[in-house]
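Chemist: Sharing a structure here in structure tokens format.
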Amino acid sequence: MRDSLPETLSAAARTAYWARPLWLMAGAACLLLGVVGLVLPLLPGVPFLLLAAFCFSRGSARWEAWLLAHPKLGPLVLDWRRYRVIPRRAKRLAWAMMALGCALAAWRAPWWAASLATLMCLSVALWMARQAEHAPQP
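Heads up: the sequence shown runs through residues 0 to 137, numbered per numbering that gives the first Met the number 0.
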């Protein structure tokens, strides 16, 4: 299994010993937000999953390997690392959840909170739209 993982596993070994628990906690928080974001409107899951993989690469080779080997989440992270690709299905799901969340915020939240949420979701949506959807063909 180690042969199929990217070279970033060595990044955890280069990280200062005292910083590893901080990276691990940040990765766990991002993983939690990413998984919650896959089902909860307004919270985009994909960027948090990518951020969790980055944090785990700095904090724990074991957690990074677990995330990369995960049957549902791993391919998304590996495609991002190899080709900077976010699949169209993941983009559409994220956009739909963010649109639903913004609609709920506009309905229930104060105007300033709904505006801030909409601005943040729009920023993430534009960033995601600029990312490739398919790996380059050889």
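Beta carbons are placed, not taken as given, at the ideal position from N, Cα and C, and that holds for glycine. Keep in mind it's a predicted model, so treat the numbers as computed, not measured.
Can you list, in chain order, the stretches of the alpha helix (DSSP H) that have 4 or more residues and sit fully within the region 33-91?
Modeler: Counting only runs of 4 or more, we get 44-58, 60-68 and 73-82.
Chemist: Ala-131 bridges to which residues according to DSSP?
Modeler: For the purposes of this step, residue 131 is taken as the residue at position 132 of the sequence shown. Val-84, per the DSSP bridge assignment.
Chemist: Starting from the C-beta of Trp-62, find all residues in its chain whose C-beta is less than 7 Å away, skip the five residues before and the five after it, and write them out in chain order.
Modeler: Here residue 62 refers to the residue found at position 63 when the sequence shown is read from its first residue. Cβ within range, chain order: Leu-23, Gly-26 and Phe-55.
Chemist: State the Cα-Cα distance for the pair Met-127 and Ala-98, rounded to the nearest angstrom.
Modeler: Numbered from its first residue, the sequence shown carries residue 127 at position 128. Numbered from its first residue, the sequence shown carries residue 98 at position 99. When rounded, the distance between both Cα atoms is 14 Å.
Chemist: Determine the DSSP secondary structure at Pro-20, reduced to helix, strand or coil.
Modeler: Translated into the one-based positions of the sequence shown, residue 20 becomes position 21. Pro-20 falls in the helix class under three-state DSSP.
Chemist: From the DSSP output, in three-state form, read off Ala-15 for me.
Modeler: For the purposes of this step, residue 15 is taken as the residue at position 16 of the sequence shown. Of the three classes helix, strand and coil, the one that applies to Ala-15 here is coil, per DSSP.
Chemist: Under the assumption that Val-35 contacts Leu-42 (Cβ atoms under 8 Å), give the Cβ distance between them as a whole number of angstroms.
Modeler: Here residue 35 refers to the residue found at position 36 when the sequence shown is read from its first residue. Here residue 42 refers to the residue found at position 43 when the sequence shown is read from its first residue. That belief holds up - the Cβ atoms of Val-35 and Leu-42 are roughly 6 Å apart, short of 8 Å.
Chemist: Out of Cys-120, Ala-51 and Leu-32, point me to the one whose CA is closest to Trp-94's CA.
Modeler: Taking the first residue of the sequence shown as position 1, residue 94 is located at position 95. Residue Cys-120 is the option with its Cα nearest to Trp-94.
Chemist: CA-CA distance, Ala-15 and Leu-67?
Modeler: Position 16 of the sequence shown holds residue 15. Position 68 of the sequence shown holds residue 67. If I take the Cα positions, the gap works out to 23 Å.
Chemist: Can you say whether Arg-57 is buried or exposed, counting buried as having 16 or more other CB atoms within 10 angstroms of its CB?
Modeler: Here residue 57 corresponds to residue number 58 of the sequence shown, with the count starting at 1. By the 10 Å Cβ count, Arg-57 comes out buried.
Chemist: Looking at Arg-83: is its Cβ nearer than 8 Å to the Cβ of Gln-130?
Modeler: As a working mapping, residue 83 is identified with position 84 in the sequence shown. As a working mapping, residue 130 is identified with position 131 in the sequence shown. Yes, Cβ-Cβ distance for Arg-83 and Gln-130 is below 8 Å.
Chemist: What number of angstroms, rounded off, separates the C-alpha of Leu-37 from the C-alpha of Ala-134?
Modeler: If you number the sequence shown from 1, residue 37 lands on position 38. If you number the sequence shown from 1, residue 134 lands on position 135. Answer to the nearest angstrom: the Cα atoms are 23 Å apart.
Chemist: Between Lys-90, Leu-92, Phe-53 and Thr-117, which lies nearest to Leu-103 when the distance is taken from Cα to Cα?
Modeler: To locate residue 103, count along the sequence shown from 1; it is residue 104. Closest option to Leu-103, Cα to Cα, is Thr-117.
Chemist: Taking only the alpha-carbon atoms, compute the straight-line gap between Ile-85 and Gly-100 and give it to the nearest angstrom.
Modeler: Here residue 85 refers to the residue found at position 86 of the sequence shown. Here residue 100 refers to the residue found at position 101 of the sequence shown. Computed Cα separation, rounded: 21 Å.
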